[in-house]
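Colleague:
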Amino acid sequence: MTERQQTKGESSPSPTSSKPLPIPDEASRPFFAGAREHQLMLQRCTACGRWFWPVKSRCPECWSPTLTWTPASGQGTLYSFVLMHQLYHPAFAGELPYIIAAIDLVEGVRITSTIVGCQPDELWIGMPLEVTFEQLNAEITLPKFRPAARPHGDH
Ligand SMILES: [Zn+2]
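The sequence shown stops at residue 218 when you use my numbering, and every number in between is there.
Right under this line is the structure:
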């Protein structure tokens, strides 16, 4: 039993720490540019039409390198979710518990995001969800999901 605490060099986080934010890189830049415009952007293969996420350099279906960033509908259904009670960062203290979910988009893509706008006990697998956007700063806006205002396909 020589388990040692790895606290060396780590100061305790101050309550005013800002949230850790995703940093757009060259590959994901169009995704974040779209989010700033409140548009869920996903890559789509121009050869076979398949959508995918996360960012890839080739189509996982037909291996074509010709991919286009395309606005997705932002509609999907709840595939699974977990409630996060654990505080991983002090800046999220006011948001516990929060809901991390896997969402099946109508484009055939499964995306991981956060559910907002409803209580955990209101969630059910297969429930219709729609994208919403939370602006964190001038650079970063994150897509999140909330219960759909009306059922999909109800026109
Ligand atoms: Zn393809």
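The beta carbon of each residue, even a glycine, is placed where N, CA and C say it ideally should be.
Using a Cβ-based criterion (distance less than 7 Å to any ligand heavy atom), does valine 170 qualify as near ligand 1?
Modeller: In the sequence shown, the residue the question calls residue 170 occupies position 107. It should be noted that the sequence gives glutamate, not valine, for residue 170. No.
Colleague: For the region 108-128 and the region 138-148, state whether three or more C-beta atom pairs, one from each stretch, are separated by less than 8 Å.
Modeller: no
Colleague: So, do the region 148-155 and the region 92-110 have three or more beta carbon pairs nearer to each other than 8 Å?
Modeller: no
Colleague: Short of 6 Å in beta carbon distance, which residues of its chain neighbour valine 179, apart from the five on each side in sequence? Order them along the chain.
Modeller: Along the sequence shown, read from residue 1 onward, the residue named residue 179 stands at position 116. So the list reads Lys207, Arg209, once near-sequence residues are dropped.
Colleague: Would the beta-carbon of serine 120 be found less than 7 Å away from any heavy atom of ligand 1?
Modeller: Here residue 120 corresponds to residue number 57 of the sequence shown, with the count starting at 1. Checking the Cβ of serine 120 against ligand 1 gives no.
Colleague: Taking the alpha-carbon positions, what's the glutamate 202 to aspartate 88 distance?
Modeller: As a working note, residue 202 is residue 139 in the sequence shown. As a working note, residue 88 is residue 25 in the sequence shown. Each residue's alpha carbon lies about 12 Å from the other.
Colleague: Give every residue of the same chain whose Cβ lies closer than 6 Å to the Cβ of arginine 107, excluding the five residues on either side of it in the sequence, and list them in chain order.
Modeller: In the sequence shown, the residue the question calls residue 107 occupies position 44. These residues qualify, in order along the chain: Trp114, Thr131, Thr133.
Colleague: What ranges does the alpha helix (DSSP H) occupy inside the region 137-170, keeping only unbroken runs of at least 4 residues that lie completely in it?
Modeller: none
Colleague: According to DSSP, what are the bridge partners of proline 87?
Modeller: Locating residue 87 in the sequence shown gives position 24, counting from the first residue. Proline 87 is not bridged to any residue.
Colleague: Within 10 angstroms of its Cβ, does alanine 90 collect 16 or more other Cβ (buried), or is it exposed?
Modeller: Residue mapping note: residue 90 aligns to position 27 of the sequence shown, counting from 1. Classification for alanine 90: exposed.
Colleague: By alpha-carbon positions, which one of Ile174, Asp184, Leu186, Glu193 ends up nearest to phenylalanine 94?
Modeller: On the sequence shown, residue 94 is found 31 positions in, with the first residue counted as 1. Of Ile174, Asp184, Leu186, Glu193, the residue nearest in Cα terms is Ile174.
Colleague: Closest to isoleucine 86 by CA distance: which of Ala211, Ala212, Thr204 is it?
Modeller: Residue mapping note: residue 86 aligns to position 23 of the sequence shown, counting from 1. The residue with the shortest Cα to Cα distance from isoleucine 86 is Thr204.
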